[in-house]
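S.K.:
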Amino acid sequence: MSLKLYNSLTSKKEIFKSISGKKVKTYGCGPTVYNSPHLGNFRTFVFYDLLNRVLKMNGYKTETAVNITDIDDKIIDKVNEQKTTLKEVTSKYELSFMELSSSLKILPNNYNPRATDYVNQMIEFIQTLIDNDLAYEMDGNIFFSIEKYPHYGKFVKINDDLEIEDIDLSKKNRSDFTLWKARKEKDGEIFWKSQWGEGRPGWHTECAVMIKTLFNGQLDIHCGGIDLKFPHHENESAQIEAIQKHNLSNYWLHAEHLNVDNEKMSKSLGNFVDVKKLIKENGSNIVRLFLLSAHYRTKVSFNQKKIDDCKKMINKINRFASNIIKSDEKINLKFSEDHNKFIDALNDDLNTPEALGVFFSFVTKMNKKIAENSFNDSDNIKSFIFLKLFNSIFDIIDLDNLQENEIPKEVQDLLVSRQEARDNKDWKLSDNLRDKLSEMGWIVEDSVDGQNLLKKK
RNA sequence: GGCGUCGUACCCAAGUGGUUUAAGGGAUCGGUUUGCAAAACCGCUAUUCGUCGGUUCGAAUCCGACCGACGCCUCCA
């Protein structure tokens with residue numbers, strides 16, 4: 319099955335066609351670095367990573383960018399509040415974003431452009447818009463004029479019956495948006511010089527110009543959180559498509575929100591979950607699985623019960639994986655029907671819950687064979703391939719250490735003693751030794767074949 | 001007010017016209033196995049998909065109304 323993606327431009331699933339062969343260019347709107355990103359933010363960032371991984375699975379060579387918004391009102395507020403510098407604030411939270419991304423196993427992007435590194439290009443770009451009569455100046459601010467751009471409204475139906483009630487006289491049209499903001503007193507030292515005076519670029523222009531510079535204004539896929547669809551993405555594409563002949567992006571993908579108690583998780587509501595803390599308490603694999611266990615276009619509520627459920631799921635996978643012997647990867651890399659079902663699910667608009675279902679059905683099928691003692695070499699290879707395939711997307715199990723080959727001497731000795739106790743039917747000693755091993759971080763289970771040792775994860 | 005998304009078992013969550021008398025995970029209960037425990041396996045748990053109508057040979061899936069939740073329209077992943 320070929321890759322299908324839900325395109326916000328058409329509100330339909332479409333077969334993905336790249337602009338040039340096996341190369342795909344993607345851009346995702348990244349964090350505004352005035353604070354550490356919360357779990358809701360990371361739902362979106364993990365979604366970008368999912369897309370990247372699924373594209374790779376389909377043999378595409380991806381060129382990805384996730385920007386760092388380091389010019390923004392909230393950052394300026396923080397700078398004033400803490401009486402510090404812009405760089406001081408932004409570098410701190412940029413680092414936090416990068417560290418958390420990496421601990422959640424988000425594959426590195428090709429670019430993480432910072433708005434501050436593209437201000438000259440932004441000024442140039444805004445001037446081009448003015449020269450083409452698409453933008454106008456008012457009190458040192460530059461606005462994009464939507465009247466001059468007939469295609470405005472690709473994401474949202476615009477109702478134009480409200481202009482009478484609009485008292486804001488600082489711009490011509492209610493929907494005109496800022497390309498350049500004139501310097502205000504509270505901006506302090508945060509400003510850039512331009513032909514229109516001191517000021518700074520507007521958010522929509524930042525993204526547009528970074529895409530223009532890095533990708534020549536042409537993307538295969540543009541992603542973002544659902545809240546950015548309008549007006550951010552509308553404005554971003556309007557200004558750039560007003561002066562270039564081709565689309566800014568052929569596909570636009572939007573991730574739904576993470577809710578807490580039925581409300582959007584946000585910093586302003588104060589209901590956000592601290593990712594760092596959550597990872598520390600549960601491990602990054604569980605957090606990753608939680609974020610991937612619902613489809614990216616559905617609303618998800620956060621609660622501890624779901625995290626606990628994910629923990630159990632991972633335990634189940636790890637237990638299964640501990641039965642699998644690593645195979646030579648070069649032989650027999652053929653996918654069977656089970657593998658293909660998994661791939662098909664992901665190719666159907668990144669349907670991770672369905673893919674998980676396929677994977678767990680396979681696990682149960684193989685566990686049954688193991689229980690019945692009919693699990694053979696071919697099943698092992700199949701399982702190993704599936705684990706590898708599964709991990710290439712979900713990335714939540716440690717495949718390099720399928721078997722614990724380094725068992726400490728102390729643990730080995732205890733196992734020997736326990737076996738002796740068991741041979742003597744000394745159940746009390748056997749149980750004591752089991753408790754002792756448990757305290758040391760090892761789970762021992764008895765089966766017909768003897769003791770099985772598992773390291774606690 | 002305008003635009004949009006969603007409502008599936010005890011909880012989570014796929015499915016969006018017939019292969020589904022609804023995947024998968026968690027939970028409960030019962031069973032197999034076991035000295036015990038754990039794990040694993042098997043079985044039970046939605047004749048039903050917010051409600052009411054309509055279209056159709058056939059609908060959870062399409063259409064309409066209503067109820068409920070959420071989001072965007074101002075910064076926001």
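Mapping of the first sequence onto the working numbering: residues 319 to 775, in sequence order.
Each residue gets a CB set at the ideal place from its N, CA and C atoms; glycine is no exception.
Measuring straight from C-alpha to C-alpha, what distance separates G535 and D395?
M.R.: About 31 angstroms.
S.K.: Rounded to whole angstroms, what is the Cα-Cα separation between F680 and C541?
M.R.: Each residue's alpha carbon lies about 32 angstroms from the other.
S.K.: Around the Cβ of E507, are there at least 16 other Cβ atoms within 10 angstroms (buried) or fewer (exposed)?
M.R.: It counts as exposed.
S.K.: Helix, strand or coil, according to DSSP, for F653 in the structure here?
M.R.: In this structure, F653 counts as coil in the three-state DSSP scheme.
S.K.: Nearest to L373 by alpha carbon, out of L323, S329, H575, L771?
M.R.: Comparing Cα-Cα distances from L373 to each of L323, S329, H575, L771, the minimum goes to L323.
S.K.: Pick helix, strand or coil for T682, following the three-state DSSP scheme.
M.R.: Of the three classes helix, strand and coil, the one that applies to T682 here is helix, per DSSP.
S.K.: I need the straight-line Cα distance from N565 to G543, nearest angstrom please.
M.R.: Cα to Cα, N565 sits roughly 20 angstroms from G543.
S.K.: Helix, strand or coil: which one does DSSP assign to I460?
M.R.: If DSSP states are grouped into helix, strand and coil, I460 belongs with the strands.
S.K.: In chain order, which continuous runs of the alpha helix (DSSP H) of length 4 or greater are located wholly inside the stretch 389-470?
M.R.: As far as the stretch 389-470 is concerned, its whole alpha helix (DSSP H) runs of at least 4 residues are 391-400, 404-421, 437-449.
S.K.: Buried or exposed: I485, going by 16 or more other Cβ atoms within 10 Å of its Cβ?
M.R.: With a pLDDT of only 49 at I485, under the threshold of 50, the placement of this residue in the model should not be trusted; the figure read from the coordinates follows. Looking at its Cβ environment, which holds fewer than 16 other Cβ atoms inside 10 Å, I485 is exposed.
S.K.: Evaluate T380 with the Cβ neighbour count: other Cβ atoms within 10 Å of its Cβ, from every protein chain shown; 16 or more gives buried, anything less gives exposed.
M.R.: Per the 10 Å Cβ criterion, buried.
S.K.: Count the other C-beta atoms from every protein chain shown that fall within 10 angstroms of the C-beta of G358, then say buried if there are 16 or more, exposed otherwise.
M.R.: Answer is buried; the Cβ neighbour count reaches 16.
S.K.: In this structure, does DSSP put R492 in helix, strand or coil?
M.R.: Looking at R492 - three-state DSSP - the assignment turns out to be coil, as it is neither helix nor strand.
S.K.: Return helix, strand or coil for Y614, following the three-state DSSP convention.
M.R.: Here Y614 sits in coil by DSSP.
S.K.: In this structure, does DSSP put K330 in helix, strand or coil?
M.R.: Three-state DSSP puts K330 in a strand.
S.K.: Tell me the DSSP secondary structure of E507 in three-state form.
M.R.: Correct three-state label for E507: coil.
S.K.: Spell out a yes or no on whether the stretch 341-358 and the stretch 413-424 are touching, meaning 3 or more CB-CB pairs, one atom from each, closer than 8 angstroms.
M.R.: Output reads yes: the stretch 413-424 touches the stretch 341-358.
S.K.: Decide if T496 is buried, meaning its Cβ has at least 16 other Cβ atoms within 10 Å, or exposed.
M.R.: When all chains shown are included, T496 counts as buried.
S.K.: List the whole-angstrom C-beta distance separating F548 from F473, where the pair is believed to meet the contact cut-off of C-beta under 8 angstroms.
M.R.: The pair is a contact, with the Cβ atoms about 5 angstroms apart (cut-off 8 angstroms).
S.K.: Which partner residues of C541 appear in the DSSP bridge assignment?
M.R.: Note: C541 sits in a beta bridge opposite G346, L571.
S.K.: Going along the chain, which unbroken runs of the beta strand (DSSP E) with 3 or more residues stay wholly within the stretch 684-766?
M.R.: DSSP runs (the beta strand (DSSP E)) wholly in the stretch 684-766: 760-765.
S.K.: Look up V384 in the DSSP assignment and say whether it is helix, strand or coil.
M.R.: The answer is strand: DSSP assigns V384 an E or B state.
S.K.: I'd like to check one pair, Q439 with T531: are the Cβ atoms closer than 8 angstroms?
M.R.: Yes, Cβ-Cβ distance for T531 and Q439 is below 8 angstroms.
S.K.: What did DSSP end up calling S619 once you bin it into helix, strand or coil?
M.R.: Residue state, collapsed to three classes: strand.
S.K.: Pull up the DSSP beta-bridge partners for Y324, would you.
M.R.: DSSP lists K331 as partners of Y324.
S.K.: Along the alpha helix (DSSP H) that carries N600, what are the first and last residues, could you check?
M.R.: Looking at the DSSP string, the run of the alpha helix (DSSP H) that includes N600 is 593-600.
S.K.: Less than 8 angstroms separating the beta-carbons of I661 and M456?
M.R.: Contact flag unset, no.
S.K.: By Cβ distance, which residues of its chain are closer than 7 angstroms to N325, with the 5 residues on each side in sequence left out?
M.R.: Answer for N325: E332, Y569, W570, listed in chain order.
S.K.: Are three or more beta carbon pairs between the stretch 386-395 and the stretch 499-515 nearer than 8 angstroms?
M.R.: Contact between the stretch 386-395 and the stretch 499-515 is present, because at least three Cβ pairs lie under 8 angstroms.
S.K.: Could you tell me whether the stretch 442-458 touches the stretch 621-629, where touching means 3 or more Cβ pairs closer than 8 angstroms?
M.R.: No: fewer than three Cβ pairs fall under 8 angstroms.
S.K.: Going by Cα to Cα distance, which pick from N427, Y470, E503, F608 is closest to S555?
M.R.: Ranking N427, Y470, E503, F608 by Cα distance to S555 puts Y470 first.
S.K.: State the Cα-Cα distance for the pair K601 and M583, rounded to the nearest angstrom.
M.R.: For the sequence presented, residue 601 should be read as Gly rather than Lys. Looking at the two C-alpha atoms, the distance is approximately 21 angstroms.
S.K.: So which of P671, S692, D716, I597 has the shortest CA-CA distance to R637?
M.R.: Taking only the C-alpha atoms, the option nearest R637 is D716.
S.K.: Can you give me the start and stop residues for the alpha helix (DSSP H) that N370 sits inside?
M.R.: That run of the alpha helix (DSSP H) goes 357-375.
S.K.: Label S493 either buried or exposed according to how many other C-beta atoms from any shown protein chain fall within 10 Å of its C-beta, with 16 as the threshold for buried.
M.R.: Label assigned to S493: buried.
S.K.: Assess, as a yes-or-no matter, whether the stretch 330-349 is touched by the stretch 360-373 under the definition of 3 or more beta carbon pairs within less than 8 angstroms.
M.R.: Touching, yes, given that three or more Cβ pairs across the two stretches are closer than 8 angstroms.
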